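Read the structure below first, then the notes.
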Amino acid sequence: MFTQFNQAFFNLLLQLLSVIVLAVAVSQVSKDPMRKHCHLVSVAVLLQLLSILAFMFPSMSTLRDIGVGSSLQTQMYLHHFAGLVVILFSVYIKLAVDGRIRHIVNPFSLMKITLAIWILVFIGGLSLYFSLWEGISFI
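Mapped onto this note's numbering, the consecutive letters of the sequence shown carry residue numbers 16 to 154.
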C-alpha cells in the first residue's frame, strides 16, 4: 500500500533515476549526439512528466490546502516554476533540433542552460523532500 511517505520516497527514486539517465545522456553527447543522447534526454523528460503527473501535482495540491509556512511555500512555487521551465525548454529543444519548428533561440546553446536549471530544480526538490518528510530545513 502506498502511503504519502512511500509516494514521496518513490518519487525521489524516480527523480534520482531521471538524473542518472540525464548524466548518461550528457556523457553521450560527444559520442553519438543525435541518437543515444537525444533518446536518453527524451527518456529523462518522460520520467519527469510521469513524476509530475503521478506524484508532484497531487502532492502540491494537498500541501496548498493544508497550508505550509510562507518560506516553504515560496520554495515550492519556485521549484514548480523552474521545473515547468525545464520541461518547456526540453520540449522546445527537441522540436527545434528535430526540425519540427523554426528555432528562435539556438537550441544547442539552450541545452546547457536547461541542464543547469534542471540540476538546481533537483537540488531544490531534495531540499523540499527533506523539509517536508524528514523535518530537516536547509533554508
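We put the beta carbon where it would ideally sit given N, CA and C, even for glycine.
Keep in mind the model is a prediction, meaning the values are calculated, not measured.
Hey, out of the options, whose CA is closest to residue i's CA?
{"i": "H54", "options": "W148, T89, N121, A38", "result": "A38"}
{"i": "G98", "options": "L87, Q30, V41", "result": "Q30"}
{"i": "L147", "options": "Q88, N121, I119", "result": "Q88"}
{"i": "L125", "options": "S85, M71, F104, S86", "result": "F104"}
{"i": "H94", "options": "L110, I138, A40", "result": "I138"}
Just curious, the alpha helix (DSSP H) that residue i is in, first and last residue?
{"i": "W148", "result": "From DSSP, W148 is part of no alpha helix (DSSP H); its letter is neither H nor E."}
{"i": "V56", "result": "53 to 66"}
{"i": "H118", "result": "Taken as a continuous stretch (DSSP letters only), H118 belongs to no alpha helix (DSSP H), as it is neither H nor E."}
{"i": "A97", "result": "85 to 112"}
With residue i and residue j assumed to form a contact (beta carbons below 8 Å), what rounded beta-carbon distance in angstroms separates them?
{"i": "A59", "j": "S33", "result": "5 Å"}
{"i": "I132", "j": "V100", "result": "6 Å"}
{"i": "Q63", "j": "K51", "result": "19 Å between Cβ atoms; not a contact."}
Please classify residue i: is it buried, with 16 or more other beta-carbons within 10 angstroms of its beta-carbon, or exposed?
{"i": "N26", "result": "buried"}
{"i": "I108", "result": "buried"}
{"i": "S45", "result": "exposed"}
{"i": "M49", "result": "exposed"}
{"i": "L143", "result": "buried"}
{"i": "V120", "result": "exposed"}
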